[in-house]
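Student: Quick one: this structure, given as structure tokens, is what I'll be asking you about.
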Amino acid sequence: MGLIGMILAAVLVAVLLAIVIVKFLPLKLRWIASLLLLFLAIFLGYKIYNGIMEPINFNKNKVKKYAPVIKKLKIIRDAEVKFNEATGNYTADKNVLIKFIDSAKLALTNTRTIVEKVNRGGGIIDDVEVRVTDTIGYEPVLKYFKDRDYKNMFKVPNTDKEFELETGTVEKIPGLVVPTFRARTSKEDLLKGMNESLVKQELEAIATDQIKGEYVSVGSLEEVTTGGNWPPSYDKKGENKE
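Per the working numbering: the sequence shown = residues 565 to 806.
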């Protein structure tokens, strides 16, 4: 029974009790009825208060559950981005990604513009500006994951689950195929044990200030993006800043 149903039922009981008091109850016993009405009023007040506060507390608790999950997804995203910089692809192999952070190095480059002389033929020589990229050194990928728990980045906080990790490709424009990745976990697993009705509403969330859909995810298999599906409010929280 919902909050409105409880209120209507309580009002009906109060009305019936009042009728009984007036018509049938002797004066010397009416104190008992008054006491019952008082208990009913207290019960009704508690139900109304609880009905108002439960969604508020649910929203506070879900944010606490989502925050560490998003923090892990950001580490996975950053690892995939660095892997893509080094290889031109993403990987769905979790062990490969951890090993990559541990041991791989990224090339440091310097891009400069030089002028080259181009013979156009017929004695015509033009000066043409050309951009040249030189490798000037290497840096360890590990540098970008200092003080970040990347070895456990695939473990979903407060559950016994691991993040799903998938890769794919998208044809960005005709003839140009671009690699994609997606890491995600089910909201239902994160919210287990909470109010079932409110969890169901959360799984159907579509508002811009909510995490849309049934999953908390980063990346996409349908479009070229490394963004997450959470609203900016999660990025503004101090505990989530990377």
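Backbone N, C-alpha and C define an ideal beta-carbon position, used for all residues, glycine too.
Does the segment 759 to 771 come close enough to the segment 672 to 684 that 3 or more CB-CB pairs lie under 8 Å?
Tutor: The answer is no - the segment 759 to 771 does not touch the segment 672 to 684, with fewer than three Cβ pairs under 8 Å.
Student: Given Pro619, which residues of its chain have a CB within under 8 Å of its CB, disregarding the five upstream and five downstream residues?
Tutor: Counting only Cβ-Cβ distances below 8 Å, and skipping sequence neighbours, we find Leu762.
Student: If you count every other CB in all the chains shown that lies within 10 Å of the CB of Gly739, and 16 or more means buried, which is it?
Tutor: Burial call: exposed.
Student: Run through DSSP, which three-state label would Leu729 get?
Tutor: DSSP places Leu729 in strand when its eight states are reduced to three.
Student: For Arg712, tell me which candidate among Ser784, Ile662, Val579 has the shortest Cα-Cα distance.
Tutor: Arg712 has its Cα closest to that of Ile662, out of Ser784, Ile662, Val579.
Student: For Gly802, count the other beta carbons within 10 Å of its own beta carbon; 16 or more makes it buried, fewer makes it exposed. Which is it?
Tutor: Note that Gly802 scores a pLDDT of 45, beneath 50, so its modelled location is shaky; the value from the coordinates is reported in the next line. It counts as exposed.
Student: Hey, Asp835 and Tyr708: beta-carbon distance below 8 Å or not?
Tutor: In the structure as shown, the chain starts at 565 and stops at 806, and residue 835 therefore has no counterpart that could be examined.
Student: Does the pairing of the segment 690 to 702 with the segment 615 to 631 give three or more beta-carbon distances under 8 Å?
Tutor: At 8 Å Cβ cutoff, the stretches do not touch.
Student: For Ile737, does the three-state DSSP call read helix, strand or coil?
Tutor: Ile737: strand per DSSP, three-state reduction.
Student: By Cβ distance, which residues of its chain are closer than 8 Å to Lys715, with the 5 residues on each side in sequence left out?
Tutor: Correct list, in chain order: Ile662.
Student: Please say whether Val742 and Thr731 have beta carbons closer to each other than 8 Å?
Tutor: Not a contact, by the Cβ cut-off of 8 Å.
Student: Got a sec, what are the start and stop residues for the beta strand (DSSP E) Tyr714 sits in?
Tutor: Looking at the DSSP string, Tyr714 is not in any beta strand (DSSP E), and its letter there is neither H nor E.
Student: Note down, in chain order, each residue of its chain lying with its Cβ closer than 8 Å to the Cβ of Ile640, except the 5 sequence neighbours on either side.
Tutor: Excluding positions up to five away in sequence, the list reads Leu661, Met717, Phe718, Phe727, Leu729, Ala747, Val782.
Student: Among the residues of its own chain, which have a CB less than 7 Å from the CB of Thr789, if the five just before and after it don't count?
Tutor: These residues qualify, in order along the chain: Gly783.
Student: On the CB-based measure, 16 or more other CB atoms within 10 Å of its CB, does Ile665 come out buried or exposed?
Tutor: Label assigned to Ile665: buried.
Student: If you reduce the DSSP assignment to three classes, tell me which class Tyr654 lands in.
Tutor: Correct three-state label for Tyr654: coil.
Student: Per DSSP, which one or two residues make a beta bridge with Phe745?
Tutor: In the DSSP output, where bridge partners are listed per residue, Phe745 has Thr731, Ser784.
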